[in-house]
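Numbering (our numbering) for the sequence shown: 4 to 431. Here a beta-carbon is modelled for each residue, glycine too, at the ideal position from N, C-alpha and C. Have a look at the structure below, then the notes.
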Amino acid sequence: MKTPEDFLKDHGFVSAEDIDRPLFLREMLCEMEKGLNGDDSSLMMVPTFVSPSSKIKEGEKVVVLDAGGTNFRGAIVEIPPKIEFRENRPMPGTSKEVGEEEFYEAFASEVRRLKPHASAEKIGWCFSYPAEATQELDAKLVRWSKNIKAPAIIDQYVGKELLKRLGGGKIAIVNDTVATLLAAKATEGDKNYSAYVGFILGTGTNCAYVEKCENITKLGEARGTGTMIINAESGNFSKVPMSDFDKLVDQKSVQPGNGLLEKMIAGAYLGAIGLEVYRMAAKEGLFSKKASAALGGLGKLETMDFDNFCASFKKEGRENPLDTIFSEPDDAQLARRLGVPIFERAALLTALHLAAFAIKSGEGFDTNSPIAINPDGSTYYKTRAIPFADTVKKLLDEILVKRRNIHYELTPQIEDAPMVGAAIAALL
């Protein structure tokens, strides 16, 4: 009988061990350059007009909004990180369609609640929807994601519109990945970081890093001098070797052809890849007839269940369909040999992903001035099938430190990183 490893290879699945690491890095660096030049690229390389080079004013209290899901949050944030008066509210447009007055009033009322407790003049807003950043640190909404129903807001500058309802003021808007990068400054203390990388790997994925303004040629004279954070929208990187299983997941997704790297490493898709692997393996006779028949009734596989099964972990109070389907020891062993490589590949692609941005920063050659890498997200920190975060670190040590003498430091996990980062954007 064909081994699980042979089966995966026959379907174009390139294991973590066999991925061409130098080629991946070259192609990602090339896509970055194209994106910075304004050429056709799978990486948007969005300029943010925010630089982390200044020192933070500590002790000031900032009104912070954080919008990016079914709820939004408001709080007062002080650096070093201290969060007070936090409240969660429903994101306008989640339960029903809303117009612009209802939309902005939800945020304006939250600012009014918090403003008496703030000392900093500027508001920080983490706005995690597809948007174009402006030099004034506003954000023009390009489209909604996460099923938000507020069509009147599309193409509006959301900061400008909110300030209208507040009667004026100042605001700094960043997305969650840029905020995660900025949150690394909250851990800086007396350290001398030479550059910063912010990374999210949860339901989706993205990376932001610090670029020299002279290299952002698509901005022309508007690029200025010094450095600027670039929101890469790196989940869209398209130069990745896709297996038959990845292609099926992509074809069945809402936006085929987009977010190809994200669909190979992020939590929204790992379970879907696993299901395609298991269905194909059943079709080719790798599992028992009983397991194959049971797989036919499985319409969807959550990443949590796929991960827990591969880790032989039983979550209290949660039934895992894979434990029932692969109840026979031989089937279970085979299924894990097919599943674990998906997580191993995700860890390597994550490490290569991060390494490319560290390399592009051009920093980290002095051991006393490492690059700060701040990772965030449930998939990065909570994956059980393999020790994900530890695996990524070992790979980064190999790719960056050993082979390129580039020194980095993974910052400690920062609670509420998007809110902390939005506060820092306002203070900078």
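Beta bridge counterpart(s) of K215 as assigned by DSSP: Bridge partners of K215 according to DSSP: T230.
Own chain, CB closer than 6 angstroms to F312, minus 5 neighbours either side, in chain order: These residues qualify, in order along the chain: N323, L325.
Sufficient close CB pairs (3 or more, under 8 angstroms) joining the stretch 190-207 to the stretch 371-380: Touching, per the Cβ criterion.
Environment of Q138 [buried if 16+ CB atoms lie within 10 Å]: Q138 comes out exposed.
CA-to-CA distance, I82 to V252, given in whole angstroms: About 42 angstroms.
For D379, the three-state DSSP class (helix, strand or coil): Strand at D379.
6 angstroms Cβ shell around E280 - same chain, five flanking residues per side excluded: According to the sequence shown, residue 280 is Val rather than Glu. For V280, where only same-chain residues beyond five positions count, the Cβ hits under 6 angstroms are F248, L341.
Nearest-angstrom Cα separation, counted from R387 out to L398: Using only the alpha carbons, I get a separation of about 18 angstroms.
Close beta carbons around K163, own chain, < 7 angstroms, minus the five adjacent residues each side: Contacts found: D141.
Segment contact flag, the stretch 175-188 with the stretch 410-421, C-beta cutoff 8 angstroms, min 3 pairs: The stretch 175-188 vs the stretch 410-421: in contact.
Coil, strand or helix - V243 by DSSP: Note: V243 maps to coil in three-state DSSP.
Coarse secondary structure for T137, derived from DSSP in three states: T137: coil per DSSP, three-state reduction.
Candidates K363, K317, F329, Y383: closest to F346 by CA position: Of the candidates K363, K317, F329, Y383, the residue whose Cα lies closest to the Cα of F346 is Y383.
Between the CA atoms of L46 and L264 - distance to the nearest angstrom: Distance between the alpha carbons of L264 and L46: 11 angstroms.
Sequence-distant residues of the same chain with beta carbon closer than 7 angstroms to R168, five excluded per side: Y107, E108, A111.
Buried or exposed (CB count within 10 angstroms, at least 16 for buried), M35: Classification for M35: buried.
For D369, the first and last residue of its enclosing beta strand (DSSP E): That residue, D369, is in no beta strand (DSSP E); it is neither H nor E in DSSP.
Residue of K125, P50, G171 minimising C-alpha distance to E135: When C-alpha distances from E135 are compared across K125, P50, G171, the shortest belongs to P50.
Length of the line joining the Cα atoms of L403 and P55: L403 and P55 have their C-alpha atoms roughly 23 angstroms apart.
Closest by C-alpha distance to C216, when choosing among T208, A225, C210: Among T208, A225, C210, the Cα nearest to that of C216 belongs to A225.
Cα-Cα separation between M231 and S364, rounded to whole angstroms: C-alpha separation (whole angstroms): 11 angstroms.
The stretch 235-250 / the stretch 15-27 touching (three or more Cβ pairs under 8 angstroms): Short answer: they touch.
Local Cβ density within 10 Å of K2, reported as buried at 16 or more and exposed below that: This structure does not reach residue 2, given that the chain is present from 4 up to 431, and the question cannot be answered.
Distance between beta carbons of V114 and V66, contact taken as under 8 angstroms: Contact holds; Cβ gap of about 6 angstroms.
When R282, M283, V257 are compared against A271, the one with the closest alpha-carbon: Nearest neighbour of A271 by Cα position, chosen from R282, M283, V257, turns out to be V257.
With 16 other Cβ atoms within 10 Å as the buried cut-off, status of K125: A residue is called buried when at least 16 other Cβ atoms come within 10 angstroms of its Cβ; K125 meets this threshold and is buried.
N-terminal and C-terminal residue of the alpha helix (DSSP H) that P421 is part of: Residue range 420-430 is occupied by the alpha helix (DSSP H) that includes P421.
Closest Cα partner of G424 within the set S315, E191, E104: Taking the Cα of G424 as reference, the smallest distance to any Cα among S315, E191, E104 is reached at E191.
Cβ pair M48, A359 closer than 8 angstroms: Cβ atoms of M48 and A359: not closer than 8 angstroms.
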